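Those protein sequences? They're chains A and B, same order as listed.
Just add 195 to the spot in the first sequence (first one is 1) and you have our numbering.
Just add 985 to the spot in the second sequence (first one is 1) and you have our numbering.
By construction, the Cβ of each residue, glycine as well, lies at the ideal position given by its N, Cα and C atoms.
Keep in mind that this is a model prediction, so the values were computed, not measured.
Okay, structure first, notes after.
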Amino acid sequence: DAGVIQSPRHEVTEMGQEVTLRCKPISGHDYLFWYRQTMMRGLELLIYFNNNVPIDDSGMPEDRFSAKMPNASFSTLKIQPSEPRDSAVYFCASSFPGQGFMNTEAFFGQGTRLTVV
Amino acid sequence: AQSVAQPEDQVNVAEGNPLTVKCTYSVSGNPYLFWYVQYPNRGLQFLLKYITGDNLVKGSYGFEAEFNKSQTSFHLKKPSALVSDSALYFCAVRDPTDKLIFGTGTRLQVFP
């Protein structure tokens, strides 16, 4: 498996534009996580899915953020409209379940560096 | 609420000396604990985990971690640091709802 694949690697957009980040998890993983990393806030969990269903989206900062997982091999994180304070690195990670499983570590993609100007 | 604390923003150590990066946790039930490393402009890489069993866990690149239930700690250690170990290290806990929560990270700087 090629690992978790995120696209694009870099995105520069103007304030007010819609941004869509994409993630392909590792095949067979039940869980998918979206994180945001900034110098000020560190690594924040935005939302996570189990079998394509959102379990906890309490980390999504505002209604401008939305995430979907239409099937087991694809997820998107959308920001509409984007603002300069959304500039960050966004990571996607996938894993098997936690409880009762030994192979429970998450694997991360390379991230998408978003710059909103 | 489940949480992980990394009390040190940065740890400095000379090459060849032992290193310790600290982590404490708060979670209901049995903790699933992890250490990850992040090199510049890269994603997080899994180092090691504690699920059950021996309190001393060995992982990648010569790292190990000691689980201490009474102190609710999971410190990362290495007997002899390398300059190439310089990176950002994250401790994480997986809670009973399978949420994966990370600490704020500790920057390790190994000086030649």
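Could you check what DSSP says for A/P203 in three-state terms: helix, strand or coil? Within the first sequence, the letter at position 8 stands for residue 203 of chain A. Looking at A/P203 - three-state DSSP - the assignment turns out to be coil, as it is neither helix nor strand.
Residues in its own chain within less than 6 angstroms of B/S1058 by CB, not counting five upstream and five downstream? Residue mapping note: residue 1058 of chain B aligns to position 73 of the second sequence, counting from 1. The residues are T1009.
Relative to the C-alpha of A/E257, which residue among A/S222, A/S270, A/D281 is closest? Position 62 of the first sequence, counting from 1, holds the residue named residue 257 of chain A. If we check each option's Cα against that of A/E257, A/D281 comes out closest.
For B/T1005 and A/E209, I'd like the C-alpha separation in whole angstroms. For the purposes of this step, residue 1005 of chain B is identified with residue 20 of the second sequence, where counting begins at 1. For the purposes of this step, residue 209 of chain A is identified with residue 14 of the first sequence, where counting begins at 1. Cα-Cα distance, rounded: 43 angstroms.
What whole-angstrom Cβ distance do B/L1029 and B/F1075 have, given they're in contact under 8 angstroms? In the second sequence, residue 1029 of chain B corresponds to position 44, counting from 1. In the second sequence, residue 1075 of chain B corresponds to position 90, counting from 1. That belief holds up - the Cβ atoms of B/L1029 and B/F1075 are roughly 6 angstroms apart, short of 8 angstroms.
8 angstroms CB neighbourhood of A/D225 in its chain, flanking five on each side removed: Here the question's residue 225 of chain A lines up with position 30 in the first sequence. The residues are N245, N246, S290, F291, P292.
Please list the residues of the region 284–304 of chain A that have a C-beta atom closer than 8 angstroms to any C-beta atom in chain B, keeping them in chain order. F286, A288, S290, P292, G293, Q294, M297, T299, E300, A301, F302, F303, G304
The beta strand (DSSP E) enclosing B/E1051, as first and last residue numbers: Residue 1051 of chain B sits at position 66 when you count from the first residue of the second sequence. First-last of the beta strand (DSSP E) with B/E1051: 1049–1053.
Beta-carbon of B/D1039 versus every beta-carbon of chain A: anything under 7 angstroms? In the second sequence, counting from the first residue as 1, residue 1039 of chain B sits at position 54. With 7 angstroms as the cut-off, B/D1039 does not count as an interface residue toward chain A.
When DSSP builds the beta bridges, which residues end up paired with A/L216? What you label residue 216 of chain A is simply residue 21 of the first sequence in a count that begins at 1. DSSP, once it has assigned bridges, lists A/L272 as partnering A/L216.
From which residue to which residue does the beta strand (DSSP E) around A/I313 run? Absent from the structure is residue 313 of chain A, since the part of chain A shown begins at 196 and ends at 312.
Check this for me: beta carbons of B/S1071 and B/L1041, under 7 angstroms apart or not? Sequence index remark: in the second sequence, residue 1071 of chain B carries index 86 (1-based). Sequence index remark: in the second sequence, residue 1041 of chain B carries index 56 (1-based). Between B/S1071 and B/L1041, the gap from beta carbon to beta carbon reaches 7 angstroms or more.
So which of A/E278, A/F296, A/R231, A/A288 has the shortest CA-CA distance to A/S222? Within the first sequence, numbered from 1, the residue matching residue 222 of chain A stands at position 27. The shortest Cα separation from A/S222 among A/E278, A/F296, A/R231, A/A288 belongs to A/A288.
Please list the partners that A/D252 has in chain B, where partner means a Cβ-to-Cβ separation under 9 angstroms. Position 57 of the first sequence, counted from the first residue, corresponds to residue 252 of chain A. Contact of A/D252 with chain B by beta-carbon distance below 9 angstroms is absent, the smallest such distance being about 11 angstroms.
Measure the alpha-carbon distance for A/V265 versus A/Y243 and round it to whole angstroms. Numbered from its first residue, the first sequence carries residue 265 of chain A at position 70. Numbered from its first residue, the first sequence carries residue 243 of chain A at position 48. Per the sequence shown, residue 265 of chain A should be read as Pro rather than Val. The straight-line gap from Cα to Cα measures roughly 14 angstroms.
The region 1023–1034 of chain B: which residues have C-beta closer than 7 angstroms to a C-beta of chain A, in chain order? R1027, G1028, L1029, F1031, K1034
Between the C-alpha atoms of A/M297 and B/K1034, what's the straight-line distance to the nearest angstrom? Along the first sequence, one-based indexing puts residue 297 of chain A at 102. Along the second sequence, one-based indexing puts residue 1034 of chain B at 49. Looking at the two C-alpha atoms, the distance is approximately 9 angstroms.
Can you give me the Cβ contacts of B/N1002 inside the same chain, cut-off strictly under 8 angstroms, excluding the 5 residues immediately before and after it? Counted from its first residue, the second sequence places residue 1002 of chain B at position 17. Closer than 8 angstroms at Cβ, skipping near neighbours: S1065, A1066.
Since A/G153 meets chain B, which of its residues come closer than 9 angstroms, beta carbon to beta carbon? Nothing about residue 153 of chain A can be reported from this structure: the residues present for chain A run from 196 to 312 only.
Does B/F1059 come within less than 7 angstroms of chain A when only Cβ atoms are used? Within the second sequence, numbered from 1, the residue matching residue 1059 of chain B stands at position 74. With 7 angstroms as the cut-off, B/F1059 does not count as an interface residue toward chain A.
Please go through the same chain and pick out, in chain order, the residues whose beta-carbon is closer than 6 angstroms to the beta-carbon of A/T215, but skip the five residues on each side of it. The residue you call residue 215 of chain A lines up with position 20 of the first sequence. Here the set comprises T271, K273.
Can you tell me whether A/A262 is buried or exposed, with buried defined as 16 or more other CB within 10 angstroms of its CB? Residue 262 of chain A sits at position 67 when you count from the first residue of the first sequence. The residue in question, A/A262, is buried, as its Cβ has 16 or more Cβ neighbours within 10 Å.
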